[in-house]
Amino acid sequence: MAMTVHCDIVSAEEEIFSGLIEFVSVTGSLGDLGVYPGHAPLLSELKPGPVELRKQGGEQEIFYVSGGFIEVQPHKVSVLADVALRAGDINEAAAEEAKKHAEHVMADKSTELDYSRATAQLAEAAAQLRTIQQIRKKMGK
Numbered sequence: 006m007a008m009t010v011h012c013d014i015v016s017a018e019e020e021i022f023s024g025l026i027e028f029v030s031v032t033g034s035l036g037d038l039g040v041y042p043g044h045a046p047l048l049s050e051l052k053p054g055p056v057e058l059r060k061q062g063g064e065q066e067i068f069y070v071s072g073g074f075i076e077v078q079p080h081k082v083s084v085l086a087d088v089a090l091r092a093g094d095i096n097e098a099a100a101e102e103a104k105k106h107a108e109h110v111m112a113d114k115s116t117e118l119d120y121s122r123a124t125a126q127l128a129e130a131a132a133q134l135r136t137i138q139q140i141r142k143k144m145g146k
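Going by my numbering, the sequence shown opens with residue 6, and the numbers climb by one from there.
So, in structure tokens, the structure goes:
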């Protein structure tokens, strides 16, 4: 039996996962980060993107977070995010539309405020689409 650690993924609205995992992979502010049971304690900022879990028994599940933090303690991993979704709940058409809209606003550069907001929206939409692509790759589609 593989070693496990308890993991919680929590958004501002709800807890979307709580259970034992063998591994978690996230995109931290300094790059990709993988955590196995027994990992050294740490706190890291997360970039928008996929959170991949290998649950107890080997089943994989992918979530999307809009950014946030990961805290690793000896017996617990916590992922705290403003927005957290099961990857299957992401609306691909809406993410594509948000990406196109953000690219259009960025090309216009009418005001600095709009440009800043568009940059953040583009990053979030691109991260959602990356998460969808990761699921397809894992499923062999």
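Built from N, CA and C at the ideal position, the CB exists for glycine as well.
_Those residues which DSSP pairs with G39 across a bridge_ = S30
*What is the residue span of the beta strand (DSSP E) that A7 lies within?*
No beta strand (DSSP E) contains A7, which DSSP labels as neither H nor E.
*V77 bridges to which residues according to DSSP?*
Beta bridge pairing from DSSP links V77 with L47, V82.
*In three-state terms, what does DSSP make of A89?*
A89: strand per DSSP, three-state reduction.
*Between the stretch 70-78 and the stretch 19-26, are three or more C-beta pairs nearer than 8 Å?*
no
*Measure the alpha-carbon distance for V29 versus A123 and round it to whole angstroms.*
30 Å
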